[in-house]
Amino acid sequence: MNNENDVKVQVRNLTKHFGDLKVLEDVSFDIKKGEFVCIVGPTGCGKTTFLNLLTKLIEPTSGKILIDGEPADPEKHNLAFVFQEPSAFPWLTAEENIGFGLDIKKADEKYKKSQVDKIISLLGLEKFRKAYPHEMSVSMEQRVVIGRAFAMNPDLLLMDEPYGQMDIKVRYYLEDEVIKLWKEIGSTVLFITHNLEEAVYLAERVLVLSQKPATIKAEFKVDLPRPRSFSDPEFIRIRKEITDMIRWW
Amino acid sequence: MESRAKIKLSLKNISKSFYSRKETFEAINNVSIDVYDNEFLVLLGPGQCGKTVLLNIIAGLETPTQGEVKVEGQKNDGASSDVGLVFQKTAIFPWKTVIENVEFGPLAKGVPKSERRDKARYFIELVGLKGFENAYPHQLSGGMKQRVGIARAYCNDPEVLLMDEPFGALDAQTRYQMEDEVLRIWEKEKRTVIFVTNNIEEAVYLGDRIVLLSSCPAKVKEIYTPDLPRPRDYVDALFLELREKISNNTDLAL
Chain A
1 MNNENDVKVQ
11 VRNLTKHFGD
21 LKVLEDVSFD
31 IKKGEFVCIV
41 GPTGCGKTTF
51 LNLLTKLIEP
61 TSGKILIDGE
71 PADPEKHNLA
81 FVFQEPSAFP
91 WLTAEENIGF
101 GLDIKKADEK
111 YKKSQVDKII
121 SLLGLEKFRK
131 AYPHEMSVSM
141 EQRVVIGRAF
151 AMNPDLLLMD
161 EPYGQMDIKV
171 RYYLEDEVIK
181 LWKEIGSTVL
191 FITHNLEEAV
201 YLAERVLVLS
211 QKPATIKAEF
221 KVDLPRPRSF
231 SDPEFIRIRK
241 EITDMIRWW
Chain B
1001 MESRAKIKLS
1011 LKNISKSFYS
1021 RKETFEAINN
1031 VSIDVYDNEF
1041 LVLLGPGQCG
1051 KTVLLNIIAG
1061 LETPTQGEVK
1071 VEGQKNDGAS
1081 SDVGLVFQKT
1091 AIFPWKTVIE
1101 NVEFGPLAKG
1111 VPKSERRDKA
1121 RYFIELVGLK
1131 GFENAYPHQL
1141 SGGMKQRVGI
1151 ARAYCNDPEV
1161 LLMDEPFGAL
1171 DAQTRYQMED
1181 EVLRIWEKEK
1191 RTVIFVTNNI
1201 EEAVYLGDRI
1211 VLLSSCPAKV
1221 KEIYTPDLPR
1231 PRDYVDALFL
1241 ELREKISNNT
1251 DLAL
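Protein chains in written order, with my numbering: chain A, 1 to 249; chain B, 1001 to 1254.
Right under this line is the structure:
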């Protein structure tokens, strides 16, 4: 039973042109509350522009983005981002970083403490609570950043290739960890990646962008039980289908 | 029945430690590997495990604390042009055009202009960049820059080509493209290649053999020989089986 109230984010006819260059053309989709959606597309299709529109860094040429039925507004809504380069604040410890978003939103002290404790525990970072980013590995720093994003219990959590350069074993670990955080906190997540295997591993739904001018070319539901296995025949089938759709190489 | 393959390069009991006043950091612990002539050997290991240090030792850019590197039986110490290097963070000169970059090795060796230009043109075409001879790096995509790096390494006539995570900074799709490209180039101009990566899928796709290194200090954990004909299929059952096997044996370096 699909309740209209289930919809958290609505993107309607999002279009972005830079002069004559049409990057996004009429992109429309919904994200349900608490859903984990991945967006994939061929290299150079406009994902960064799309992200910049969602983070309100730039304004669309036309179209709109609604959160809970209202125009997305960083002042009103809780928008959290995780980018490819870890961006932990170097002057704050791990736990201070994780609590930062809650500080900004002037959250209740007790609530903040319990959220931070919860996230630290989920990440297994008890021993590193008081560590500074320069004392951490790149993957650990990124985990703190992701923890910081989830701690805010955001209306929308945007992740853009957060695991880009990491070795694959660490990637698997972090992908499992982000699913763990997501299940525990229940945030609505939009995860952008070039890595099609990663998208199928993580997503409940995968949205596929076309080449520029980008539109949503297809949508795949991924109904596989977790933890998923990249050698599972159904996993492979979905991965192959998406790959064939995007393949330019 | 194949005759015994010729050994092109061998590492014998290589260890490397870095010393500071306060502590000793052991990067590599007793690594011995034979590299066969014209094979595509992959060094696979988790992040920060010492792979780059090992490659630098092979290249002669770093001296081992113990052990030695031999190229065709001759001890190799100090940087030599016997070894060509391709780096991850693109190290092509931003102020030079593609052809000026590619011909750099021969230029440094004093090869006359027309000869080195011809040679550079050959390798530029080999890597699929014909027409871009006079472009500058900033005009090129990430994948294209890496191709220039490969052409430059080849142009130097190395005995062995070393590639240090050359596709690590590329997005997953461009990476797939470049994996096919590097194999195509290698098939056309066979050389002994030592290719470092932290990506298991890439290792299984590319390698004649895969040397799995442990996390720091690096030791050889196991050597795998994918029994898969090329071109390999990332979603083939045997491919995935080997991938899983290697993954289960790989250290997690958080």
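Ideal placement from N, C-alpha and C gives every residue a C-beta, glycine not left out.
Item: Would you mind telling me which residues of chain A sit closer than 9 Å to B/Q1177, beta carbon to beta carbon, in chain order?; Value: T43, W248 and W249
Item: Using only the alpha-carbon positions, how far apart do B/A1027 and A/F18 sit?; Value: 49 Å
Item: By Cβ distance, which residues of its chain are closer than 6 Å to B/M1001, with the 5 residues on each side in sequence left out?; Value: Its pLDDT being 42, under 50, B/M1001 is placed unreliably by the model, and nothing is read from it.
Item: Please state whether DSSP places B/L1044 in a helix, a strand or coil.; Value: strand
Item: Span of the beta strand (DSSP E) holding B/D1034?; Value: T1024 to Y1036
Item: Write down every uninterrupted run of the alpha helix (DSSP H) in the stretch 65–114 of chain A whose length is 4 residues or greater and which is fully enclosed by it, in chain order.; Value: 94–104
Item: Assess contact between the stretch 1211–1218 of chain B and the stretch 1226–1238 of chain B, defined as three or more Cβ pairs (one per stretch) separated by less than 8 Å. Is contact present?; Value: no
Item: How long is the line joining the alpha carbons of A/N13 and A/E85, rounded to whole angstroms?; Value: 30 Å
Item: If you count every other CB in all the chains shown that lies within 10 Å of the CB of A/N2, and 16 or more means buried, which is it?; Value: Confidence in A/N2 is poor, its pLDDT being 46 and thus under 50, which makes the residue's placement unreliable; the coordinate value appears in the next sentence. Exposed, since its Cβ has fewer than 16 Cβ neighbours within 10 Å.
Item: Check whether the Cβ of A/D167 lies closer than 8 Å to any Cβ atom in chain B.; Value: yes
Item: Looking only at its chain, what residues have a beta carbon closer than 8 Å to the beta carbon of B/T1097, apart from the 5 residues adjacent to it on each side?; Value: E1133, N1134, A1135 and Y1136
Item: Can you give me, in chain order, the residues of the stretch 138–163 of chain A that have a beta carbon less than 7 Å from any beta carbon in chain B?; Value: S139 and M140
Item: Could you confirm whether any beta carbon from chain B is found closer than 8 Å to the beta carbon of A/N2?; Value: Confidence is the limiting factor: at A/N2 the pLDDT is only 46, short of 50, which leaves the residue's position unreliable, though a coordinate-based value still follows. Taking Cβ atoms only, chain B never reaches closer than 8 Å to A/N2, which makes this a no.
Item: Check for me: the beta strand (DSSP E) holding B/Y1224 runs from which residue to which?; Value: V1220 to Y1224
Item: For A/H194, which of helix, strand or coil comes out of DSSP?; Value: coil
Item: Output the boundary residues of the alpha helix (DSSP H) element that contains B/E1100.; Value: V1098 to V1102
Item: When you compare each of A/V200, A/I119, A/E135 and A/K76 to A/W91 by their alpha carbons, which one comes out closest?; Value: A/E135
Item: On the criterion of 16 or more Cβ atoms from any shown chain inside 10 Å, does B/T1024 qualify as buried, or is it exposed?; Value: exposed
Item: Taking 8 Å as the CB-CB limit, is B/L1254 close to chain A?; Value: yes
Item: Between which two residues does the beta strand (DSSP E) containing A/V40 stretch?; Value: F36 to V40
Item: If you draw a straight line from the alpha carbon of B/G1149 to that of A/N78, how long is it in whole angstroms?; Value: 44 Å
Item: Express the C-alpha separation of A/S231 and B/E1241 in angstroms, rounding to a whole number.; Value: 8 Å
Item: Quick one: what does DSSP say A/K130 is sitting in, helix, strand or coil?; Value: coil
Item: Under 7 Å between beta-carbons, which chain A residues line up against B/D1171? List them in chain order, please.; Value: T43 and H194
Item: Using a beta-carbon distance below 8 Å, is A/K250 in contact with chain B?; Value: Residue coverage of chain A in this structure runs from 1 to 249, which leaves residue 250 of chain A outside it and unanswerable.
Item: Among B/K1012, B/I1033, B/L1043 and B/F1018, whose alpha-carbon lies nearest the alpha-carbon of B/T1197?; Value: B/L1043
Item: Any C-beta of chain B sitting closer than 8 Å to the C-beta of A/Y173?; Value: yes
Item: In three-state terms, what does DSSP make of B/N1013?; Value: strand
Item: Would you grab the beta carbon distance between A/F9 and A/I67 for me? Rounded to a whole angstrom, and I think it's under 8 Å.; Value: Correcting the residue type first, residue 9 of chain A is Val in the shown sequence and not Phe. Contact holds; Cβ gap of about 6 Å.
Item: Quick one: give me the first and last residue of the beta strand (DSSP E) that A/G44 is part of.; Value: Premise fails: A/G44 is in no beta strand (DSSP E) and is neither H nor E.
Item: Helix, strand or coil, according to DSSP, for A/D117 in the structure here?; Value: helix
Item: For a test of the three-state rule: what should DSSP assign to A/G124, helix, strand or coil?; Value: coil
Item: Among B/V1193, B/Q1177 and B/K1219, which has the Cα closest to the Cα of B/D1251?; Value: B/K1219
Item: At a cut-off of 7 Å, would you count B/E1026 as near the ligand MG, judging by its Cβ distance to the nearest heavy atom?; Value: No copy of the ligand MG appears in this structure; indeed no ligand is present at all.
Item: Please confirm whether A/S187 and A/F150 have their CB atoms less than 8 Å apart.; Value: yes
Item: Straight-line CA distance for B/N1156 to A/E141?; Value: 40 Å
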